[in-house]
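Numbering (our numbering), first residue to last: 1 to 336. Taking it in order: structure first as structure tokens, then the write-up.
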Ligand code: SF4
């Protein structure tokens with residue numbers, strides 16, 4: 001499904017088409033009160049996301065037949081990690097693994113563009129699940145792990161962007177997550193069309209986004225798109241998708257952002273006054289010194305793109321990687 005927001009084309013405002021990503025999400029986040037204590041987890045970000053993505057919910061604990069409310073579960077380490085009831089030690093590991101495998105099998109025809117899971121849950125947690133020595137009053141050991149469902153899921157879906165609702169409180173992590181799910185949803189559409197012209201358009205519109213993430217993979221993707229070896233489109237798209245995911249799973253670094261912004265600045269340096277150049281470079285330095293967010297120098301350039309009607313840059317996804325409506329400057333304290 002497609003929905004539209006503002007973009008610019010031939011110097012005029014137009015609507016940009018965003019493909020709605022499909023996100024797999026833990027059922028207890030803003031959907032059902034299915035936690036062990038009968039509660040639901042609140043997340044203002046997920047609430048907002050409801051209008052912009054298709055959610056597919058799953059509660060693995062309810063799916064294996066547990067009631068709500070129920071006794072709490074935990075992970076214990078005997079010879080290997082086991083999922084057990086915290087009080088009685090009854091072991092649910094095999095049941096949960098079995099459900100996870102059949103659920104994943106059932107997903108084969110569904111395109112998932114991203115995953116949001118509940119933090120710290122022994123079923124859904126991504127990396128921050130406590131591990132106990134045993135059931136009952138036994139203490140935790142100094143180790144964190146993944147929930148049983150998540151472990152099975154990640155084994156099958158290695159390239160998918162996966163976050164928990166806790167990490168998504170961080171501005172930078174949220175930006176990255178949104179950027180990836182919209183880019184991947186767009187790429188899946190290119191794959192569906194199996195048209196080299198579509199791939200060339202995609203590569204061209206994502207050039208500066210890729211430059212910010214990974215200049216090496218940008219070059220690699222350029223070569224794949226050029227397809228000098230005249231390979232068939234399926235092969236090209238398969239390889240392209242691999243390196244595109246690799247590029248976008250790279251951690252963003254301020255110095256790479258600065259380098260990308262300087263490339264964009266180069267388009268306008270002849271048209272700008274000395275004061276405008278100084279103004280931009282000062283803000284770029286402020287960004288390097290963590291005094292202002294990345295959006296400050298980027299939006300200065302975006303203003304010039306519109307003012308000088310630069311047709312090529314007008315459609316660069318770096319200026320609008322996801323619907324602006326989803327932009328929220330709230331942060332847990334480590335981002336922006
Ligand atoms: S964390 Fe996962 S298993 Fe636990 S209630 Fe939420 S969806 Fe269900």
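Even for Gly, the Cβ is constructed at its ideal location relative to N, Cα and C.
The ligand SF4 heavy atom lying under 7 Å from the CB of residue 42: no
Short Cβ contact (8 Å threshold) for residue 247 with residue 217: yes
Distance CB(residue 86)-CB(residue 72) smaller than 8 Å: yes
Proximity winner among 109, 104, 318, relative to residue 179 (alpha-carbon distances): 318
Check: residue 33 C-beta below 7 Å from any heavy atom of the ligand SF4: no
Endpoints, the alpha helix (DSSP H) within which residue 266 is located: 254-266
Short Cβ contact (8 Å threshold) for residue 153 with residue 102: no
Where residue 308 falls: helix, strand or coil (DSSP): coil
Segment contact, 8 Å Cβ cut-off, at least three pairs: the segment 200-213 with the segment 153-168: no
Contact under 8 Å by Cβ, residue 23 with residue 43: no
Neighbourhood of residue 34 by C-beta, 8 Å cutoff - its chain only, sequence neighbours within 5 removed: 27, 28, 40, 59, 61, 62, 68
Residues near residue 57 by beta carbon distance below 6 Å, same chain, minus five either side: 25, 27, 31
Entirely enclosed beta strand (DSSP E) segments - the segment 165-249, minimum 3 residues: none
Span of the alpha helix (DSSP H), counted from its first residue to its last, around residue 292: First-last for residue 292: undefined, no H or E at that position.
Span separating the alpha-carbon of residue 93 from that of residue 109: 26 Å
Beta bridge counterpart(s) of residue 117 as assigned by DSSP: 164
Close beta carbons around residue 256, own chain, < 6 Å, minus the five adjacent residues each side: 212
C-alpha distance - residue 226 paired with residue 157, whole-angstrom precision: 28 Å
For residue 56: DSSP bridge partner residues: 24
DSSP bridge partner residues for residue 75 (one or two, in chain order): 83, 131
Closest residue to residue 135 among 159, 287, 116, 82 (Cα-Cα distance): 82
Near the ligand ZN: residue 60 beta-carbon under 7 Å from a heavy atom: With respect to the ligand ZN, the structure offers nothing, as its ligand set consists of the ligand SF4.
Residue environment, residue 321, which counts as buried when at least 16 other CB atoms sit within 10 Å: buried
Distance, residue 202 Cα to residue 323 Cα: 17 Å
Per-residue DSSP class, three states only, for residue 330: coil
Exposure of residue 228, with buried meaning 16 or more beta-carbon neighbours within 10 Å: exposed
Beta-bridge partners of residue 145, as assigned by DSSP: 129
Cβ-heavy atom distance, residue 27 to the ligand SF4, below 7 Å: yes
Cβ-heavy atom distance, residue 118 to the ligand SF4, below 7 Å: yes
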